[in-house]
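Residue numbers (the working numbering), protein chains in the order written: chain A, 1 to 370; chain B, 1001 to 1370.
C-beta: ideal position from N, C-alpha, C; glycine also.
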């Protein structure tokens, strides 16, 4: 896995670049649509490709449980299993220690889960997570990490951060022994404590991962807290490596993070909102169920060239949503994913044109919503 | 609307032909995927086209209620509203008198419904149904019909059949005054009474519709009863007009009906079964949730060239179904619709090659299922 910075904005730490993996390359800043269970919900791989996706995210924990590592191993890779030949990043299961915390017990050695599917118990060590990701053959593999639920005290955040560091060292060792051409990213933790973030970063940077992520944000903290932590941290992440902000995904958050030097993003928001009838547009969010769209022949977003906007009206999208038709989820997801990927392409073009700040200000001035 | 018979099988009344409408032509025998509410569930119009659809069915009753005739009128046609530019046939609402019979009251003048959506009351006359279909601008428009629930006595079936005839005359009169280039089909009723079927046919044939349908079958009767009614009736329908068997759709039923001279079919089975995980294949039905498919890398049907079979394994399809992913409904529907449309193409080729009986026997000998 390789990374090169291809352009830098003179007025801020924003940069654009290129990550090259064995499954192909993708341009940064990049947004990764979320395909937790080996499918970006409601899209075929072809629709995902046409919406502009170059890299997607899948989840180690979920795929380990279902269909199971052995099934995917039989196919040689997650790519072949799900019919997506381009790069895949897999999250580690660390986030599930947080999101499924009533069913997770953390110890020095690893984490013990009760399956959210059938209640069966199983353990995952940092080494197990590396081995599962080897079976998936994911191009970018996240280490198993841990963070305390927000709000957490300094000692709680420090404990989780130290465990994340110890697990990262073990995961790195296993990865370096077994890796066949993929990359591994570490995850900086430390909660809302700047000193802990700095400490976590120093420890992980010394292990020389292929990339660095910021975890434990967008988990309940305020925008001000999010920005206070990210602003000094982002530019300190190793310059020659991709920098990945995990799970943050409003357009506003992405603009802020890019401005401070982050390169990669993932979020369920565009796809989940699509299924709930909340659509992104250059003028802000649109709630398609609103009566005002009932007979509106205009496309959802006149500035959008996606399949949905090229072929269907707001009135039809509203009809599908009100009628709870599956096609509602499909067309809405195509649009929202396209909106995000087009947004990232515009960001990259702005950076390489030395116009990122102008782009950001212009975007935010139009992006108001209903 | 025009129809020509292009080939006849020497050994039976099977024939192939071509229906030409203002929205394009389609070859017969034809299967029409069902798009009740202005969407063939789980497919984009492009996927529907790629699966091989040349004509689809939508429903007057459902579209009248939602989004409402006025909304679609604003778009000029249902085609433009739903993004499907090829031919559309609209059913009349007659079937809903049967399927929603607790909320429908029939009188000489028409039918009074309580909406299945919000309980509001409204009336539909045979003329109303013509006017709504004019607003939809559907290429083939079915008259409002009526049939008694199975099992029905001779007097019950006779009464419904006579009402169907009277309504057909009124619908025809309205259609001939207002039509702009579309076709109108009558519906032969009479239940399981051969004499009533014959009487209904004679009455309707005299009104010179563009096509003739057989209604009131596949509503609970046995296969033997279905065949007893259809076998003598089908070849008696006007030879120079398309003959449409409404709502029947197992492959076995279609083969039987084609052999007796029917040309057009619709059924929710391929799409509904797809969503329930029952898939059609040249070897019979496959229940994709079965454990045996868990790690099976083979396509669902090795004889199939659809997008699903070209790109995905049984193991992946099972994973999606078990995980209740939307993509399960999508890929399964693509396959089942393609299977049906490919089946119809093979039937047409067999007829034009004078091999229909051989094709039927060969198909049925392989089509066994799990």
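Residues of chain B with a CB under 8 Å from the CB of residue i: which are they?
i	result
residue 66/A	1319, 1322, 1323
Which chain A residues are close to residue i, counting only those with a beta carbon under 8 Å from its beta carbon?
i	result
residue 1001/B	Under the 8 Å cutoff, chain A gives no residues; its nearest Cβ is about 26 Å from residue 1001/B.
residue 1315/B	67, 71, 74, 75, 81
residue 1327/B	39, 41, 42, 43, 44
By the 10 Å Cβ neighbour count, where 16 or more other Cβ atoms means buried, how is residue i classified, buried or exposed?
i	result
residue 1047/B	buried
residue 178/A	exposed
residue 232/A	exposed
residue 1189/B	buried
residue 6/A	exposed
residue 1122/B	exposed
residue 1180/B	exposed
residue 1127/B	buried
residue 1135/B	buried
residue 314/A	buried
residue 1024/B	exposed
residue 368/A	exposed
residue 154/A	exposed
residue 99/A	exposed
residue 151/A	exposed
residue 107/A	exposed
residue 202/A	exposed
residue 176/A	exposed
residue 1200/B	buried
residue 1109/B	exposed
From the options, pick the residue whose C-alpha is nearest to that of residue i; which is it?
i	options	result
residue 138/A	319/A, 82/A, 366/A, 173/A	82/A
residue 13/A	54/A, 131/A, 172/A, 238/A	238/A
residue 249/A	241/A, 258/A, 16/A	258/A
residue 65/A	84/A, 80/A, 79/A, 115/A	115/A
residue 1319/B	167/A, 38/A, 27/A	38/A
residue 335/A	345/A, 322/A, 317/A, 94/A	317/A
residue 1198/B	1210/B, 1225/B, 1230/B	1230/B
residue 1290/B	1303/B, 1276/B, 1282/B, 1302/B	1276/B
residue 297/A	306/A, 305/A, 310/A	310/A
residue 1253/B	1224/B, 1131/B, 1073/B	1224/B
residue 326/A	1017/B, 1361/B, 1042/B	1042/B
residue 1095/B	1051/B, 1111/B, 1284/B	1111/B
residue 1281/B	1267/B, 1295/B, 1304/B, 1262/B	1304/B
residue 1050/B	1364/B, 1245/B, 1345/B, 1306/B	1306/B
residue 1222/B	1202/B, 1162/B, 1236/B, 1191/B	1191/B
residue 84/A	44/A, 292/A, 118/A, 67/A	44/A
residue 58/A	101/A, 73/A, 93/A	93/A
residue 283/A	362/A, 71/A, 17/A	362/A
residue 101/A	90/A, 118/A, 146/A	146/A
residue 129/A	342/A, 142/A, 118/A	142/A
residue 1267/B	1244/B, 1295/B, 1347/B	1244/B
residue 1089/B	1345/B, 1071/B, 1060/B, 1105/B	1060/B
residue 193/A	216/A, 285/A, 15/A, 182/A	216/A
Which residues in the same chain as residue i place their Cβ atom closer than 8 Å to its Cβ, once the five residues preceding and following it in sequence are excluded?
i	result
residue 1040/B	1033, 1034, 1048, 1053, 1056, 1271, 1333, 1337
residue 10/A	354
residue 1240/B	1003, 1005
Can you name, in chain order, every residue of its own chain whose Cβ lies under 6 Å from the Cβ of residue i, other than the five neighbours on each side?
i	result
residue 1205/B	1238
residue 419/A	Outside the shown range of chain A (1 to 370) lies residue 419/A, about which nothing can therefore be said.
residue 1209/B	1184, 1185, 1186
residue 1062/B	1036, 1037
Taking Cβ-Cβ distances shorter than 7 Å, what residues in chain A pair up with residue i?
i	result
residue 1312/B	83
CB-CB under 7 Å to residue i, same chain, minus the five flanking residues each way: which ones, in chain order?
i	result
residue 75/A	81
residue 1103/B	1113, 1114, 1116
residue 1308/B	1300, 1331, 1334, 1335
residue 1156/B	1148
residue 293/A	314, 315, 318
residue 97/A	104, 106, 111, 146
For residue i, verify whether its CB is less than 6 Å away from any heavy atom of the ligand HEM.
i	result
residue 187/A	The ligand HEM is absent from the structure shown, which contains no ligands of any kind.
Pull out every residue of the segment 1012–1040 of chain B whose Cβ sits closer than 8 Å to any Cβ of chain A, in chain order.
-> 1037, 1038, 1039
Listed in chain order, which residues of the segment 148–168 of chain A have Cβ atoms closer than 9 Å to some Cβ of chain B?
-> none
Just by C-beta distance, which residues in the segment 286–312 of chain A are closer than 8 Å to chain B?
-> 294, 295, 297, 307, 311, 312
Residues of the segment 328–358 of chain A with a CB closer than 9 Å to any CB of chain B: list them in chain order, please.
-> 328, 329, 330, 331, 333, 334
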